[in-house]
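>
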Amino acid sequence: MSKNTYKELNPKVGRRTFLKMAAVSSAVSATTLFANDGVTREATAEEVKNPFPGSKKVKTICTSCSVGCGIIAEVQNGVWVRQEVAQDHPVSLGGHCCKGADMIDMVRSEVRVKYPMVKEKGQWKRISWEDALTRITNKLNSLRKNHGPDSVQFLGSAKVSTEAAYYIRKFAAFFGTNNVDHQARVCHSSTVAGVANTWGYGAMTNSLGDIQNSKCIFVFGANPSVAHPVGFQHFLKAKERNNAKLIVVDPRFTKTAAKADFYSSIRPGTDIAFIYGLLHIIFKNNWEDKSFIENRTYAMDEVKEEAKKWTPKVTSDVTGVSQEDIYQIASMLVKNKPGTLVWAMGLTQHTVGTGNTRIGPILQLVLGNMGKEGGGCNILRGHDNVQGSTDMCCLPDSLPGYYGLSTGSWKYFAKSWGVDYEWLKGRFKSKELMEKPGFTMSRWWAGVLDGKNGNDAIDNAGTNIKALINIGNGITSVAQQAKIKEGLDNLELLVVADPFANDAVVLTDKQDDVFLLPMATQFENSGSVTATNRSAQWRYQVIEPLYEAKQDQEFLFELSKRLGFYKEFTKGMLIRDNKKDFKWPEDATNEVARIIKTIGLTGWTAKRLKKHTDNWHMFDEVSLRGYGKMKGEYYGLPWPCWTENHSGSTILYNVDRPVSQGGMGFRNRFGLEHDGVSQLAAKGSAPKGSKVDGGYPEITRDNIEEVLKIKLTEEEKKKIGKNWKVDRSNIIAQKCMEAGIAPYGNARARCIVWEWSKFDHRLPIHREPLRSIRPDLVEKYPTFKDRKKQFRVDTKFESLQSEKNWSKEFPINLITGRLVNMCGAGIENRASKYLAALTPEMFAEVHPDLGFSNGITDGDMIWIHSPDGTKIKVKAKFTHRVSSDRIFMPFHFAGVFQGEDLSHKYPKGTKPYAIGESANTVTNYGYDIITQIPETKVGLCKIERA
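Letter by letter, the sequence shown follows residues -35 to -1, 1 to 911 in mature numbering (1 follows the signal peptide of the UniProt record, and there is no 0).
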């Protein structure tokens, strides 16, 4: 066909129309087998525009990373036939990465788990849901009766909706255990602890769009061009529109570094030393923001004293960054403000992870970048709902909303759930265990092994873990895979509920009582999901679950019925409107909004969240402010959203805005004074329009009238709660909004954490990794003392570091990270034939000099050995992106274990399109001193040709 003839038939065809038609062509060929027979008939002129007559379009949210991209799903006769980008989405702006573009094929993957299965005598057998649930329930009841509820470990997920994550945590509580965790443990548990203990909340402070306001973007321990590709466009727009300087400091030359104005390579595990080196120069030249420090921080003088030690010469020696680079980076940060600090797992996954996530915020306090448009700490989450699942505290040491495990918290939740506290307490083996943190995802296996075969001893009041219920959690995303295998092998019951064959089922040699249950993907369910910036979005259901898959809540409800607590379990959804029947997920959303006050979720009703997704075109991409009928709200109502009329808060700790528009000071969380010094902010540091011109305490029933200068009515006094966190009436929040007061107070950000002094220094200080490539520095910068019973498990620090000179036998630094086409453990992505084709096999990036010195050439298969006695066999990929003293590996593979191909162990029809060794088989022993996050970003290894 000539160009002229084509134009006559399609007079308005432009580049965009052509691309859309090309996409339609691909969609038709890909969906012929799935749509109705009419799809193959000769198309009419109308059907050239829409080849799927009678179809409907559904707005929904991508389930890959935490950017929260919009998706337009087209559905015909119940079949998802075409996927389009959301051109008007305020965050993704019409973008998709390769993972996001593949969501339609992820749902329709041919290797999905299609029906329930059980392994008996080493053979997989198809069974019914009824049989599976009955057998699982009988075993759980037996274990609970004979060993207590703490004999069961639950693993939730950052891939499920916020409502499902809340109900997973609730299920563990009703079963009677705090043994519950999910992927956030290995991503950002140290962020939550470190940042929350600096200024009150442990979350990203600004937003991706707000980065466009930055004049300096400091990426330190993150690779957003790969991990958050669509979000990275906001970084590039800042460079284009605002002439922002992009600084990248990373052990490896990443794709983000390729876009940087300034890149510097750093020795893994020396992040605290590096920041102190920057602070040394800033303080020495009087470049700090003195007013901000004076009015809004506490104990900065101690930071100055520590920074004096870190001269450019000392810092350079420890970090490997040149003195010139250190000076230039400090200068760029000071001269280009406001600036934002961006990090991800590169800072968190260390023994000093909480130290890293404290020193980063301290740098931003020194520069005066906190609470500013274009400033803040933009802490990038990994999975799509890491933030939401963490907020629901699918965690062993908290109740939903970061409420502690104290008696008061349990009583608040018992009443809010509509159950008797004594009954709930009776579900646990003891009150002591009810208020004691459970086992973590990082080291649940120690609860199985209990000191056997040289494993770490545990404290579990005489109860070992006998069963693991794993709901959508990648088992290979955790370090110490050999130990995990040993734990799996010694369980009495293993239940894996996942849309795909979770690698746990092939890693284990367990022959019986291994259940693999088909679960719906998140496009086959609905509910809210919280993006990395604390904004919630409603994910509408696209299609009904395929095959015999069940939705997450169905699985939990069916189990709770058989275990005898379904009525109590679901009662919380009926209380708000005094209903007889609930509607999922809307009533679960409203239950969360009714109860969770700590992070301000009162405004997150299902009706409001749906309205935001329905009208996402009515929000600005930079500020997230709405217009038209969405005026007065920020997209996704980023928490805290104090009331059902509140705007949401896009920038935490911003005193330049009224509280009613998201303004607030730092949270008063650590008392009114310390060492005789007031912890409240100075005069003039209150949010705009506040009744109090300065600091004030968190608002309680006892002080509300005095602080807000109001008089409560007698009726209000009867209804009001003890404090803002447990005020079911929400009168405190409403009165605070009227007075321009943030309910949590207005305090100083603190630079020291005195509560951790028995484990850690009150300041972040540099400590060499457990296995350091610089043994000459270990004595000068030693690690922590060994810690007893951390999340019920003994943890080695000093004893392991001092055992020997590890670098003598293992002279290479080992680092791990992401690939652009995969996420997390890679279970979903490796089940896509298209994404798997991009990286079909596991590999290690090796510098040519390192390779040649070990007799290795590009493309050779090599063995990588860990000091812990494990090894993996992967392909060497020569590159100059890593230096000659380190190698890099992606952490998305599984299905091969220490050279053994496990393909034969996958149930028929479930083997993913790509398998390979897990990097976490050789990542070294090591855990954060506070949160037990595994140390996967620094360790040692040796390599040899296979």
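Positions of the beta carbon are idealized from the N, C-alpha and C atoms, including for glycine.
Owing to the predicted nature of the structure, the values given are computational and were not obtained by experimental measurement.
DSSP three-state call for A712: helix, strand or coil?
Residue mapping note: residue 712 aligns to position 747 of the sequence shown, counting from 1. Of the three classes helix, strand and coil, the one that applies to A712 here is strand, per DSSP.
> From the DSSP output, in three-state form, read off M629 for me.
One-based indexing of the sequence shown puts residue 629 at position 664. Here M629 sits in coil by DSSP.
> Tell me which same chain residues have a C-beta within less than 6 Å of the C-beta of W275, skipping the five on either side of it?
If you number the sequence shown from 1, residue 275 lands on position 310. Excluding residues within five positions, the ones whose Cβ falls inside 6 Å are Y241, G242, H245.
> Do E774 and P832 count as a contact pair if the criterion is CB distance below 9 Å?
Taking the sequence shown and counting its residues from 1, the one referred to as residue 832 is at position 867. Taking the sequence shown and counting its residues from 1, the one referred to as residue 774 is at position 809. Contact: yes.
> So what does DSSP say about C152, is it helix, strand or coil?
Position 187 of the sequence shown, counting from 1, holds the residue named residue 152. Of the three classes helix, strand and coil, the one that applies to C152 here is helix, per DSSP.
> How far does the beta strand (DSSP E) with I908 in it reach, from first residue to last?
One-based indexing of the sequence shown puts residue 908 at position 943. 905 to 910 is the extent of the beta strand (DSSP E) around I908.
> Rounding to the nearest angstrom, what Cα-Cα distance links N668 and A168 in this structure?
The sequence position of residue 668 within the sequence shown is 703, counting from 1. The sequence position of residue 168 within the sequence shown is 203, counting from 1. Approximately 28 Å between the Cα atoms of the pair.
> With M854 as the anchor, note down where its beta strand (DSSP E) starts and where it stops.
For the purposes of this step, residue 854 is identified with residue 889 of the sequence shown, where counting begins at 1. Counting along the chain, the beta strand (DSSP E) containing M854 begins and ends at 851 to 855.
> Which ranges does the alpha helix (DSSP H) cover as unbroken runs of at least 4 residues, wholly within the stretch 70 to 154, from first to last along the chain?
Listed in chain order, they are 94 to 112, 127 to 140, 149 to 152.
> Ends of the alpha helix (DSSP H) at Q699?
Translated into positions along the sequence shown, residue 699 becomes position 734. Per DSSP, Q699 belongs to the alpha helix (DSSP H) from 696 to 704.
> Please confirm if the stretch 324 to 331 is in contact with the stretch 897 to 904, defined as three or more CB-CB distances below 8 Å between the two stretches.
No, the stretch 324 to 331 is not in contact with the stretch 897 to 904.
> Taking N260 as part of the alpha helix (DSSP H), name the residues at either end of that continuous run.
Here residue 260 is taken as the residue at index 295 of the sequence shown, counted from 1. First-last of the alpha helix (DSSP H) with N260: 255 to 261.
> Run through the DSSP bridge pairs and tell me what Q41 is partnered with.
Along the sequence shown, one-based indexing puts residue 41 at 76. The partner list for Q41 (beta bridge, DSSP) reads V44.
> Check each candidate in V861, G824, I182, T319 and name the one with the smallest Cα separation from V307.
By 1-based counting over the sequence shown, the position of residue 307 is 342. Of V861, G824, I182, T319, the residue nearest in Cα terms is I182.
> Hey, could you find the ends of the beta strand (DSSP E) N555 is sitting in?
Here residue 555 refers to the residue found at position 590 when the sequence shown is read from its first residue. Here N555 belongs to no beta strand (DSSP E); instead the alpha helix (DSSP H) covers 551 to 560.
> So, are the CB atoms of A514 and E489 less than 9 Å apart?
One-based indexing of the sequence shown puts residue 514 at position 549. One-based indexing of the sequence shown puts residue 489 at position 524. Yes, the pair counts as a contact, with Cβ atoms nearer than the cut-off.
> Could you tell me if R795 is buried or exposed, where buried requires 16 or more neighbouring beta carbons within 10 angstroms of its beta carbon?
Here residue 795 corresponds to residue number 830 of the sequence shown, with the count starting at 1. R795 is buried by the Cβ-count criterion.
> Identify whether V507 lies in helix, strand or coil by the three-state DSSP scheme.
The residue labelled residue 507 in the question sits at position 542 within the sequence shown. Reduced to three states, the DSSP call for V507 is coil.
> Quick check on the burial criterion: 16 or more other C-beta atoms within 10 angstroms. Buried or exposed for Q88?
Working through the sequence shown from its first residue, we reach residue 88 at position 123. It counts as exposed.
> Just the Cα atoms here: how many angstroms apart are F528 and F534?
In the sequence shown, residue 528 corresponds to position 563, counting from 1. In the sequence shown, residue 534 corresponds to position 569, counting from 1. Before going further, note that residue 528 is Leu rather than Phe in the sequence given. Looking at the two C-alpha atoms, the distance is approximately 11 Å.
> By the 10 Å Cβ neighbour count, where 16 or more other Cβ atoms means buried, how is I675 classified, buried or exposed?
The count along the sequence shown starts at 1 and reaches residue 675 at position 710. Flag for I675 reads exposed.
> Have a look at N143, Q198, G347 and flag the residue whose alpha-carbon is nearest the alpha-carbon of C788.
Translated into positions along the sequence shown, residue 788 becomes position 823. If we check each option's Cα against that of C788, G347 comes out closest.
> Could you tell me how far apart the beta carbons of M807 and E882 are, in whole angstroms, since I believe they sit closer than 8 Å?
The count along the sequence shown starts at 1 and reaches residue 807 at position 842. The count along the sequence shown starts at 1 and reaches residue 882 at position 917. Right, the Cβ-Cβ distance comes to about 5 Å (below 8 Å), so this counts as a contact.
> Closest to E663 by C-alpha separation, out of V718, L637, K682, L201, would be which residue?
Position 698 of the sequence shown, counted from the first residue, corresponds to residue 663. Among V718, L637, K682, L201, the Cα nearest to that of E663 is on L637.
> So A496 and V32 are in contact, right, with Cβ under 8 Å, and what is the actual spacing, rounded?
Sequence index remark: in the sequence shown, residue 496 carries index 531 (1-based). Sequence index remark: in the sequence shown, residue 32 carries index 67 (1-based). The Cβ separation is near 7 Å, so the contact holds.
> Helix, strand or coil for K870 per DSSP?
Numbered from 1 along the sequence shown, position 905 holds the residue referred to as residue 870. The answer is helix: DSSP assigns K870 an H, G or I state.
> With DSSP run on the structure shown, which of helix, strand or coil describes M595?
Along the sequence shown, read from residue 1 onward, the residue named residue 595 stands at position 630. The answer is helix: DSSP assigns M595 an H, G or I state.
> Residues in the same chain with beta-carbon distance under 6 Å from A911, minus the five sequence neighbours each way, listed in chain order, please.
Working through the sequence shown from its first residue, we reach residue 911 at position 946. If we look at A911 and ignore the five residues flanking it on each side, its Cβ neighbours are M826, I827, W828, K838.
> Measure the Cβ-Cβ separation of A444 and G860 and say whether it is below 9 Å.
Stepping through the sequence shown from its first residue, residue 444 is reached at position 479. Stepping through the sequence shown from its first residue, residue 860 is reached at position 895. In this structure, G860 does not lie closer than 9 Å to A444 by Cβ.
> Have a look at G174, I291, D424, F17 and flag the residue whose alpha-carbon is nearest the alpha-carbon of K753.
Walking along the sequence shown from the start, residue 753 turns up at place 788. Answer by Cα proximity: D424.
> Are D546 and N555 touching if we call contact CB-CB under 9 Å?
As a first step, residue 546 is located in the sequence shown; it is residue number 581 there, counting from the start. As a first step, residue 555 is located in the sequence shown; it is residue number 590 there, counting from the start. No, these two residues do not count as a Cβ contact at 9 Å.
> Could you check which residue in G341, E909, T355 has the C-alpha nearest to that of S818?
Taking the sequence shown and counting its residues from 1, one reaches residue 818 at position 853. That would be E909, whose Cα lies nearest to the Cα of S818.
> My guess is that V620 and D175 are in contact by the Cβ rule of under 8 Å, so how many angstroms apart are they, rounded?
Here residue 620 refers to the residue found at position 655 when the sequence shown is read from its first residue. Here residue 175 refers to the residue found at position 210 when the sequence shown is read from its first residue. Actually they are not in contact, since the Cβ atoms of V620 and D175 sit about 16 Å apart, beyond 8 Å.
> Residue range of the beta strand (DSSP E) that E830 falls in?
In the sequence shown, counting from the first residue as 1, residue 830 sits at position 865. The residue you asked about is not Glu; residue 830 is His in the sequence shown. Where H830 is concerned, the enclosing beta strand (DSSP E) stretches over 826 to 830.
> Between C63 and the rest of its own chain, which residues show a CB-CB distance below 6 Å, the 5 nearest in sequence each way excluded?
By 1-based counting over the sequence shown, the position of residue 63 is 98. Contacts found: N786.
> By how many angstroms is the C-alpha of E387 removed from the C-alpha of A(-1)?
Taking the sequence shown and counting its residues from 1, one reaches residue -1 at position 35. Taking the sequence shown and counting its residues from 1, one reaches residue 387 at position 422. Model confidence at A(-1) stands at a pLDDT of 36, short of 50, so the residue's coordinates are unreliable and nothing is read from them.
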